[in-house]
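Chains as they are written, first to last, in my numbering: chain V, 11 to 440; chain R, 11 to 440.
Just so it is clear, CB atoms sit at the ideal spot from N, CA and C, and this is done for glycine as well.
Since this is a predicted model, take the numbers as computed values, not measurements.
Just below is one structure, and these are the notes that go with it.
Rendered as C-alpha cells:
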C-alpha cells in the first residue's frame with residue numbers, strides 16, 4: 011500500500027479558517043487511525059498579517075505560494091467574498107488541486123463554472139461548510155438521498171435573522187432592538203445587510219436547489235425578502251393564531267417547474283422548523299422515498315463550520331488516494347423552468363391598518379373577493395375608534411399576482427392608513 | 011475510462027427488498043446520468059416462492075447462485091434475522107463481494123466479526139438502512155462528524171413503540187389499546203416482542219455507539235426496558251409537569267466510560283425529540299465541534315429503508331470502481347469501559363400508589379433522604395381517602411443504585427399498595 015498522505019493549503023484564517031486549522035491539527039492522529047490517511051497542513055495564507063502570525067510554521071506571504079505548490083493536493087478557501095476567492099479557486103483548479111470552500115456567495119454565482127473546470131481537471135470540490143454550518147445537508151442531498159425525487163426544501167439557513175426573530179418573540183422587542191442584540195452577542199456583522207435582507211439565505215437555497223435539481227438559478231431571478239419589516243405586532247398576532255414567524259429559503263419542484271424564494275413565513279407552532287431558535291439552522295426535506303425529514307444543528311460559528319470543512323477534506327482525500335476519478339454531476343432529468351414569483355400559490359397573512367368604522371371590512375373583503383382571494387379567518391380588536399386599528403386576516407390559497415393587485419387597491423382606500431403587511435404561510439404538517 | 015458497471019444480487023424480497031428492487035430499477039437511468047455508474051440487479055432470492063415470483067427475470071432458487079456468481083459485486087441482504095443472514099453474508103464476503111444490509115440485529119451481534127472479514131477480503135459493508143429508516147445517521151456519524159468527539163447520542167429508534175406512545179398521549183388509551191392500533195395499521199409485527207421490549211432499539215443504539223466510539227458492546231451487558239409498563243396516568247402526569255414520555259436509546263461518553271441504555275424517558279416538551287410523533291424516528295447527537303444536532307425522518311416502511319439501501323449501493327459502487335481499497339475502522343482512542351447501570355446518575359420520576367393518610371409523604375421522603383435522593387417536586391391530589399392515591403415525585407440527580415434500594419424499601423411500607431413506577435428523565439436543552 012502506498013503511503014497515504016494528503017497535503018493541504020489554507021487560504022484565509024479568520025473565524026472558520028483558524029478553527030479549521032486548530033481542529034485539524036488536534037484531530038490529525040485519530041483521523042489517521044480511522045482512515046489510514048495522514049492530513050498535513052503545509053501552508054496558510056491570510057492578507058491580515060496579525061491573523062497569519064498565529065501560524066508561523068505554515069505562514070506564506072502570497073497566495074500564489076499555495077496555488078503553485080506542487081505538493082499541495084487540496085486548497086481550503088475560507089477567505090469569503092467574491093473576487094479574490096474566485097480567482098484563487100480557478101487558479102488552484104488549473105493547477106489540479108481539489109477545493110474545499112464554505113463560500114455560498116461565490117458558489118451561488120460561479121458554482122457551475124467552477125464545477126465544469128473541476129471536472130475538466132479531474133479534481134473535486136467540497137462545500138459542506140457553505141450551507142447550514144455543522145448540518146451535513148450537502149452530503150445528505152448529494153449522497154444519502156440520491157435515490158429520491160426531492161420535491162421540497164425549506165430551510166432556516168441564516169443564524170443572524172433567526173436569532174433576531176427569536177429575540178423579538180421571546181422578549182417582545184422590535185427589529186432594531188433585535189439587531190442590536192445580535193450585534194452585541196457577535197451574531198451580526200458590522201454590515202449585516204446580506205443577512206437581514208435575506209440574500210445570504212438566497213445564496214444558500216440556490217446552492218441547495220442546484221445540487222438537488224441540477225440547475226443553478228441566478229439570484230437576480232428569484233424573489234428575496236428580508237425580516238426588517240417584521241414588527242412585534244405581527245409576531246404576537248401570529249402567535250395568537252398558532253404560528254411562529256421564521257425567515258425561510260424555499261425550494262420546490264413540481265413537474266419541470268422549480269419555485270425558489272426567500273421571505274418571512276408563518277409556520278404552524280407544531281412544525282419542527284418553528285422550534286428552531288437562536289442562531290441554529292434547520293433544513294426540512296421532502297422526497298418520494300424518504301417522505302418528510304428534518305436536519306437541525308448549529309448554523310454559525312467557527313467550530314460548526316470547521317466540522318463540515320474537515321469532513322470535506324477527509325472525503326476528498328479518500329477520493330484523491332483512490333486515484334480513479336469519479337465524476338460528480340448535478341443533472342436535471344429534463345429542462346427546468348423557474349416559476350415566476352407572481353404565479354406562486356400559498357396562504358397569506360395580511361395586517362391592514364384601518365380606521366375603525368362600519369363598512370371597512372366589507373370594502374376590504376369585496377376587493378379580495380373580486381381578486382379570487384378567499385378569507386379563512388379575521389381578527390379585529392376593538393381599540394380606539396378615533397385611531398387606526400389593525401385588522402388581521404388569514405386567507406385560503408391564493409395567487410401572488412392576485413394578492414399584489416388586491417392589496418395595491420386596498421392600500422388606496424381612504425380608510426387604510428398604512429401599507430398592508432403581507433406574510434406568506436407554509437403549512438407542511440409533519 | 012472503463013465501463014462502469016456494478017452488478018447486484020438481492021437476498022430477500024419482502025417489504026424492504028421489493029421496495030429496493032422496484033426503486034432501483036426505476037431510478038437506474040438517473041443514477042447512471044449523475045454518477046456514470048450502471049447498477050444492474052442480476053439475481054434475486056427469497057425462500058418464499060410467491061414473493062419471488064414477482065421478479066421472474068431475476069429469480070434464483072438457491073442463495074448460493076448469488077453468493078457464487080463471479081459477476082456479482084454487491085450482495086444486498088434483506089432477509090433479516092440472525093442465522094441465515096449471518097451465513098450468507100460471511101460466505102459472500104469470502105467470495106469477495108461487498109455487502110449492503112439493513113440487519114441491526116445481526117450487526118449488533120456479529121458486526122465486528124463481519125467487518126474484520128470484510129477488511130481481510132478488501133470489500134465494503136454498508137448498513138445505512140439498519141438504523142432509523144430514511145435518516146442517514148450512519149453516514150453522518152461515520153463521515154460528516156468524523157472530526158468530532160461525539161459525547162451523546164439519544165435516539166427515538168423504534169417506530170412501533172413511538173407510535174404506541176403517541177396514540178396513548180393523543181387518545182388517552184392504554185398500552186394494550188395502543189398496541190392494538192399499531193397492529194391494525196400494520197406498524198407492529200404479529201410478534202411485536204422485539205419492539206415493545208426495547209430490544210430493537212437496543213440493537214440500534216449498540217450499532218450507533220459502535221461506529222461512533224469504536225467498540226461493539228453486547229446487548230446482554232446493557233440495561234433494556236420497554237414501554238409495556240407505561241400507563242395513561244404517567245403520560246398525563248408527565249404532561250402536567252411539562253414532559254412527554256418517549257422510548258430512547260441512549261449512548262453517552264465521558265472520558266473512557268460509555269453509558270448505553272434503553273428505557274422510557276421523560277423529555278421536556280420543548281425538546282425537539284419530544285415532538286417526534288407516530289412511526290417517525292429521530293436521533294439527537296452532541297459533539298465538540300457540531301454542538302447539538304438532530305436528524306428526523308421516517309423510521310419505518312419499505313421506501314424509507316430502501317432510500318438508505320440505494321445510497322449504500324451507490325457509495326459502495328463508487329468505491330468498487332475506484333479500485334484502491336480504503337479501509338474503514340471504527341476505533342476508540344483508548345480502551346473503553348461500559349458504565350454499570352447502577353452507577354448512572356439522572357433525575358427520576360416516581361409514581362407511588364399510597365394510602366391517603368397523614369405521615370405517608372414523611373415516610374417516603376425519609377427513605378429517599380436516607381439514600382441521598384433529593385426531591386425536586388411533588389404532586390399529590392386529593393382523591394378518595396378510602397382508596398390508594400398516586401403520589402408523583404420528581405427528583406434531583408440521583409444514583410440508580412440508590413434509587414433501586416430506596417424504592418425497594420418504600421415498596422415494603424404497608425401504606426404502599428402497588429410497586430412504584432420509575433421513569434428516568436433526560437434534560438438536554440437545545
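Residue-level contact to chain R via CB, residue i, 8 Å cutoff
{"i": "residue 44 (chain V)", "result": "yes"}
{"i": "residue 139 (chain V)", "result": "no"}
{"i": "residue 146 (chain V)", "result": "yes"}
{"i": "residue 336 (chain V)", "result": "yes"}
{"i": "residue 196 (chain V)", "result": "no"}
{"i": "residue 306 (chain V)", "result": "yes"}
{"i": "residue 346 (chain V)", "result": "no"}
Euclidean distance between Cα positions of residue i and residue j
{"i": "residue 120 (chain R)", "j": "residue 180 (chain V)", "result": "50 Å"}
{"i": "residue 238 (chain R)", "j": "residue 199 (chain R)", "result": "16 Å"}
{"i": "residue 28 (chain V)", "j": "residue 44 (chain V)", "result": "24 Å"}
{"i": "residue 148 (chain V)", "j": "residue 417 (chain R)", "result": "50 Å"}
{"i": "residue 103 (chain R)", "j": "residue 388 (chain R)", "result": "58 Å"}
{"i": "residue 40 (chain V)", "j": "residue 30 (chain V)", "result": "15 Å"}
{"i": "residue 214 (chain V)", "j": "residue 135 (chain R)", "result": "33 Å"}
{"i": "residue 34 (chain V)", "j": "residue 314 (chain V)", "result": "13 Å"}
{"i": "residue 54 (chain R)", "j": "residue 327 (chain R)", "result": "18 Å"}
{"i": "residue 25 (chain V)", "j": "residue 317 (chain V)", "result": "13 Å"}
{"i": "residue 432 (chain V)", "j": "residue 95 (chain V)", "result": "38 Å"}
{"i": "residue 292 (chain V)", "j": "residue 367 (chain V)", "result": "44 Å"}
{"i": "residue 72 (chain R)", "j": "residue 307 (chain R)", "result": "36 Å"}
{"i": "residue 22 (chain V)", "j": "residue 329 (chain V)", "result": "24 Å"}
{"i": "residue 20 (chain R)", "j": "residue 49 (chain R)", "result": "13 Å"}
{"i": "residue 161 (chain V)", "j": "residue 296 (chain V)", "result": "6 Å"}
Proximity test, Cβ basis, 8 Å: residue i and chain V
{"i": "residue 437 (chain R)", "result": "no"}
{"i": "residue 403 (chain R)", "result": "no"}
{"i": "residue 425 (chain R)", "result": "no"}
{"i": "residue 398 (chain R)", "result": "no"}
{"i": "residue 150 (chain R)", "result": "yes"}
{"i": "residue 285 (chain R)", "result": "yes"}
{"i": "residue 328 (chain R)", "result": "yes"}
{"i": "residue 252 (chain R)", "result": "no"}
{"i": "residue 226 (chain R)", "result": "no"}
{"i": "residue 265 (chain R)", "result": "no"}
{"i": "residue 121 (chain R)", "result": "no"}
Supposed close pair residue i, residue j - CB separation, criterion 8 Å
{"i": "residue 221 (chain V)", "j": "residue 240 (chain V)", "result": "Incorrect: roughly 30 Å between the Cβ atoms, too far for contact."}
{"i": "residue 122 (chain R)", "j": "residue 322 (chain R)", "result": "About 19 Å; that fails the 8 Å criterion."}
{"i": "residue 422 (chain V)", "j": "residue 381 (chain V)", "result": "Going by Cβ atoms, the distance from residue 422 (chain V) to residue 381 (chain V) rounds to 14 Å, so no, they are not a contact pair."}
Residues near residue i by beta carbon distance below 6 Å, same chain, minus five either side
{"i": "residue 176 (chain R)", "result": "287 and 288"}
{"i": "residue 197 (chain R)", "result": "170, 173 and 289"}
{"i": "residue 424 (chain R)", "result": "none"}
{"i": "residue 62 (chain V)", "result": "56 and 69"}
{"i": "residue 428 (chain R)", "result": "363"}
{"i": "residue 386 (chain V)", "result": "404, 405 and 406"}
{"i": "residue 377 (chain R)", "result": "416, 419 and 420"}
{"i": "residue 101 (chain V)", "result": "77"}
N-terminal and C-terminal residue of the beta strand (DSSP E) that residue i is part of
{"i": "residue 272 (chain V)", "result": "267–278"}
{"i": "residue 452 (chain R)", "result": "There is simply no residue 452 (chain R) to check, as chain R begins at 11 and stops at 440 in what is shown."}
{"i": "residue 96 (chain V)", "result": "Looking at the DSSP string, residue 96 (chain V) is not in any beta strand (DSSP E); the run it does join, the alpha helix (DSSP H), is 93–104."}
{"i": "residue 230 (chain R)", "result": "Element bounds for residue 230 (chain R): n/a, residue is neither H nor E."}
{"i": "residue 308 (chain R)", "result": "301–308"}
Contact test: residue i Cβ vs the ligand MG heavy atom, cutoff 7 Å
{"i": "residue 145 (chain R)", "result": "Among the components of this structure there are no ligands whatsoever, and the ligand MG is therefore not found."}
Close beta carbons around residue i, own chain, < 8 Å, minus the five adjacent residues each side
{"i": "residue 78 (chain V)", "result": "105"}
{"i": "residue 233 (chain V)", "result": "271, 272, 273 and 351"}
First through last residue of the alpha helix (DSSP H) which encompasses residue i
{"i": "residue 354 (chain R)", "result": "Premise fails: residue 354 (chain R) is in no alpha helix (DSSP H) and is neither H nor E."}
{"i": "residue 242 (chain R)", "result": "242–250"}
{"i": "residue 316 (chain V)", "result": "312–332"}
{"i": "residue 192 (chain V)", "result": "185–194"}
{"i": "residue 130 (chain V)", "result": "114–130"}
{"i": "residue 169 (chain R)", "result": "169–181"}
{"i": "residue 382 (chain R)", "result": "Per DSSP, residue 382 (chain R) belongs to no alpha helix (DSSP H) and is neither H nor E."}
Closer than 7 Å at the beta carbon, the chain C residues around residue i
{"i": "residue 300 (chain V)", "result": "You won't find chain C in this structure, because its protein chains are V and R."}
Cβ shell of residue i (< 7 Å), same chain only, five flanking positions each side left out
{"i": "residue 383 (chain R)", "result": "405, 408, 412, 413 and 416"}
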